[in-house]
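Q: Take a look at the following structure, please.
Residue numbers (this note's numbering), protein chains in the order written: chain A, 1 to 328; chain B, 329 to 780.
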């Protein structure tokens with residue numbers, strides 16, 4: 001892998017490899033000293049054109065755990081504010097010869113374009129409403145870890161419902177594609193105004209407009225309801241939406257797992273009691289985010305398969321990471 | 329409405345001394361309008377086709393002779409819909425470069441849209457553009473004026489004054505006329521000015537925020553869609569208004585099968601409506617957008633295979649009257665950005681014939697004769713005599729090598745912009761010479777050197 005641009009691009013074997021590597025980093029995370037020297041001396045640029053707390057901090061911490069040097073650029077307060085084009089910004093940052101650029105951008109295809117302009121490996125941290133592949137990979141890891149099927153990365157026989165504003169959700173698109181690649185059946189559920197036309201064939205999912213059959217789901221993945229969308233009358237009111245689509249303890253069965261990409265609107269898509277309930281994987285998702293993002297950066301920069309611009313011959317075996325300060 | 333001759337449009341040949349005589353010898357002459365498909369010597373004198381003689385017998389008294397055996401001679405093409413970007417956006421195109429691109433594509437006449445910066449909405453604007461065309465245009469060039477002041481969609485432009493200044497018609501192309509009352513008044517005023525009104529049909533509420541066709545591909549890409557019905561509902565509205573006001577409308581760039589159905593019904597009902605389709609809508613679909621390559625971003629967007637087939641069928645039957653390129657040059661700055669942020673539009677003049685010949689005629693989807701007829705049909709739709717090859721007709725001719733194979737854009741472009749969605753494509757059939765109103769407007773370089 002040279003870049004991580006979309007789940008659509010990935011082979012199942014790519015996903016299996018990232019899952020396995022994430023598991024080995026999880027093991028490192030349980031040690032006292034959590035840092036490994038795998039990417040020492042490498043430069044990683046994080047370029048965020050949209051607000052982000054968890055994705056940017058998670059990538060940044062992942063890079064630091066791997067001993068990489070990280071430069072973070074946010075659109076506000078930077079040359080982007082002064083009207084610099086994406087192409088020029090990428091050219092400027094590429095002059096530092098980074099090994100990777102992590103980019104979030106409000107438009108679909110931005111990461112792919114950047115990959116055409118730079119020698120660095122490009123990680124898509126969200127492009128418009130298109131894809132958010134690292135989120136889908138961390139969600140897959142969370143589920144595989146819970147089901148004990150990281151080896152083989154198998155989600156077959158699982159049915160996953162993705163509920164909420166699918167239309168505007170890059171998480172929904174990446175997750176549906178990723179879960180399908182790992183063998184799960186996926187249903188997307190929401191009001192007709194928030195389900196894109198043609199999505200059944202486009203993503204190979206089923207569509208439901210009510211929670212009546214939610215009981216068939218092994219996993220319920222609730223999406224964030226973005227309040228700003230409501231000004232455009234996609235739903236008549238938040239109150240009515242919550243009545244019809246909120247996941248609460250009444251609707252969530254005892255054996256069903258609950259996921260959410262965060263940040264949660266308490267009392268809208270999820271009721272408070274399920275967020276903190278035993279079925280909730282929401283905290284586990286955040287923990288997975290760190291090790292999966294470490295695995296992604298390692299895969300791109302040190303994982304063999306000729307990393308672009310890195311110019312070294314890294315070990316392509318799974319790492320036996322040596323924590324800094326411990327005897328090798 | 330009486331049709332005017334193309335040479336009445338402004339260009340460098342306007343008011344010049346008559347051109348010297350020209351003989352094109354031995355080409356296969358194909359003109360469906362004259363029901364002609366045979367080898368002929370075509371003799372051109374004083375701007376007109378003076379003789380259509382048996383091969384070898386065309387008189388050549390002091391004339392330039394073009395040996396054209398093995399080549400094909402068509403009536404030249406007319407594009408009712410191009411963007412010349414002047415005034416105000418000369419970094420994209422101007423009258424000289426745009427008309428040169430037209431000549432290179434086999435066009436003997438073009439009509440420029442009014443959505444410039446500022447828009448063409450005063451008599452002075454029209455006069456200045458006509459003056460520019462007489463200085464710079466490589467082929468006869470007409471200009472539309474806006475339907476509404478500043479293209480704001482609120483008040484009618486001074487249509488009578490604009491007509492007197494020589495606008496060849498009206499259009500707010502680039503934007504729809506959202507307000508039905510304003511649209512109706514424009515149609516009422518058409519009775520005063522007698523000129524065509526060309527319409528960009530799009531319900532802006534339905535298309536708001538969209539960057540591509542709404543369908544399976546947009547569902548995967550997470551890009552807001554422009555539904556097909558945003559086009560057809562406006563066409564239906566305007567056909568109803570045109571019928572009511574006994575007016576005549578020209579519908580621009582059809583993209584969806586629903587639009588074809590509406591036009592079919594309107595024509596059957598007796599509405600005076602003509603319409604056009606672009607080469608890109610006739611040969612590409614929204615599958616091309618999967619690449620997120622901004623060269624495939626245009627308005628209306630590329631639609632599905634079913635829409636494309638419906639357009640081809642309508643072109644065959646004549647429900648679609650003509651082909652228009654909607655030649656829309658943009659700078660690389662506006663295209664080298666993520667798809668959703670990119671400018672809408674593609675160039676098309678230099679590739680139209682070859683693309684349609686390669687992708688429609690050669691696979692057997694369209695007769696060559698039909699293609700030629702539709703490439704000239706834009707003239708009649710906008711009030712001009714369609715180019716034809718007949719004795720006494722104005723000499724508007726395109727000489728092509730149907731055997732030639734070339735790569736689009738490999739030798740650069742005549743247009744100032746290179747946002748062609750066909751760049752890099754291997755194409756068959758190439759324009760070698762374009763004659764507009766009796767003058768050679770374009771000569772392909774290798775052919776001029778005698779190596780074709």
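No residue lacks a Cβ here, since even glycine has one placed at the ideal position from N, Cα and C.
1. Thinking C-beta only, is residue 110 (chain A) closer than 7 angstroms to residue 88 (chain A)?
2. Checking 7 angstroms against the spacing of the C-beta atoms, do residue 468 (chain B) and residue 497 (chain B) come in under that value?
3. If I measure Cβ to Cβ from residue 417 (chain B) and keep anything under 8 angstroms in the same chain, skipping five residues before and after, which residues do I get?
4. Can you check whether the C-beta of residue 317 (chain A) is within less than 7 angstroms of a C-beta belonging to chain B?
5. Return the CA-CA distance between residue 312 (chain A) and residue 660 (chain B), expressed in angstroms with no decimal places.
6. In chain order, which continuous runs of the beta strand (DSSP E) of length 3 or greater are located wholly inside the segment 413-482 of chain B?
7. Report the CB separation of residue 47 (chain A) from residue 7 (chain A) in whole angstroms; it is logged as a contact under 8 angstroms.
8. If the cut-off is 7 angstroms on Cβ atoms, which residues from the segment 167-199 of chain A count as contacting chain B, listed in chain order?
9. If residue 407 (chain B) and residue 706 (chain B) are in contact, beta carbons under 8 angstroms, what's the gap, nearest whole angstrom?
10. Out of B:608, B:619, B:491 and B:572, point me to the one whose CA is closest to residue 471 (chain B)'s CA.
11. Please report the distance separating the alpha-carbon of residue 447 (chain B) from that of residue 409 (chain B).
12. Tell me which same chain residues have a C-beta within less than 6 angstroms of the C-beta of residue 129 (chain A), skipping the five on either side of it?
13. Out of curiosity, what's the CA-to-CA distance linking residue 274 (chain A) and residue 209 (chain A)?
14. Alpha carbon to alpha carbon, how far is residue 294 (chain A) from residue 140 (chain A)?
15. For residue 719 (chain B), collect the residues of the same chain with a Cβ closer than 8 angstroms to its Cβ; drop the 5 residues on either side in sequence, then sort them by chain order.
16. Starting from the beta carbon of residue 549 (chain B), find every residue of chain A whose beta carbon is closer than 7 angstroms, and list them in chain order.
17. Give me the chain A residues within the contact set of residue 546 (chain B), using Cβ-Cβ distance strictly less than 9 angstroms, ordered along the chain.
18. At what residues does the alpha helix (DSSP H) containing residue 532 (chain B) begin and finish?
19. In three-state DSSP terms, what is residue 728 (chain B)?
20. Whole-angstrom Cβ separation of residue 271 (chain A) and residue 246 (chain A), contact assumed at under 8 angstroms?
21. What residues are listed by DSSP as bridge partners for residue 102 (chain A)?
22. Can you grab the Cα-Cα spacing for the pair residue 214 (chain A) / residue 185 (chain A), in whole Å?
23. Tell me which same chain residues have a C-beta within less than 7 angstroms of the C-beta of residue 318 (chain A), skipping the five on either side of it?
24. Between the Cα of residue 762 (chain B) and the Cα atoms of B:352, B:333, B:644 and B:567, which residue gives the shortest distance?
25. What are the partner residues of residue 657 (chain B), as DSSP defines its beta bridges?
26. What is the C-beta distance between residue 640 (chain B) and residue 604 (chain B), in whole angstroms, given that I count them as a contact (C-beta under 8 angstroms)?
27. Keeping to the same chain, check which residues put their C-beta closer than 8 angstroms to that of residue 543 (chain B); ignore five residues upstream and five downstream.
28. When you check each C-beta in the segment 665-678 of chain B against every C-beta of chain A, which residues fall closer than 8 angstroms?
29. With a threshold of 7 angstroms between beta-carbons, can residue 620 (chain B) be considered close to chain A, or not?
30. How many Å lie between residue 616 (chain B) and residue 413 (chain B) at the Cα?
31. How would you list, in chain order, the residues of chain A whose beta-carbon sits under 8 angstroms from the beta-carbon of residue 507 (chain B)?
32. Check residue 158 (chain A) in the structure and name its three-state DSSP category.
33. Could you compute how far the alpha carbon of residue 516 (chain B) sits from the alpha carbon of residue 570 (chain B)?
34. From A:217, A:93, A:195 and A:137, pick the residue whose C-alpha is nearest to that of residue 119 (chain A); which is it?
35. Could you name the residues of chain A that residue 661 (chain B) contacts, counting a contact when the two beta carbons are closer than 8 angstroms?
36. Which term fits residue 282 (chain A), buried or exposed, when burial requires 16 or more other beta carbons within 10 angstroms of its beta carbon?
A: According to the data block:
1. no
2. no
3. 444 and 445
4. Low per-residue confidence applies at residue 317 (chain A): pLDDT is 43, beneath 50, and the placement is therefore not dependable enough to give any value.
5. Below a pLDDT of 50, predicted positions are generally treated as unreliable, and residue 312 (chain A), at 42, falls in that range; the measurement from the model is reported next regardless. So the two alpha carbons sit approximately 35 angstroms from each other.
6. 435-440 and 469-473
7. Not confirmed; about 21 angstroms, so no contact.
8. 170, 173, 196, 197, 198 and 199
9. 6 angstroms
10. B:491
11. 16 angstroms
12. 168 and 170
13. 22 angstroms
14. 15 angstroms
15. 377, 378, 379 and 380
16. 108 and 130
17. 196, 197, 198 and 202
18. 532-535
19. strand
20. 6 angstroms
21. A:46 and A:123
22. 13 angstroms
23. For residue 318 (chain A), the predicted model reports a pLDDT of 48, less than 50, meaning its position is unreliable and no value from the coordinates is stated.
24. B:352
25. Per DSSP, none; premise fails for residue 657 (chain B).
26. Incorrect: roughly 14 angstroms between the Cβ atoms, too far for contact.
27. 553, 614, 631 and 632
28. 665, 666, 667, 668 and 669
29. yes
30. 26 angstroms
31. Within chain A, no residue comes near residue 507 (chain B); the closest Cβ sits about 22 angstroms away, beyond 8 angstroms.
32. coil
33. 9 angstroms
34. A:93
35. 85
36. buried
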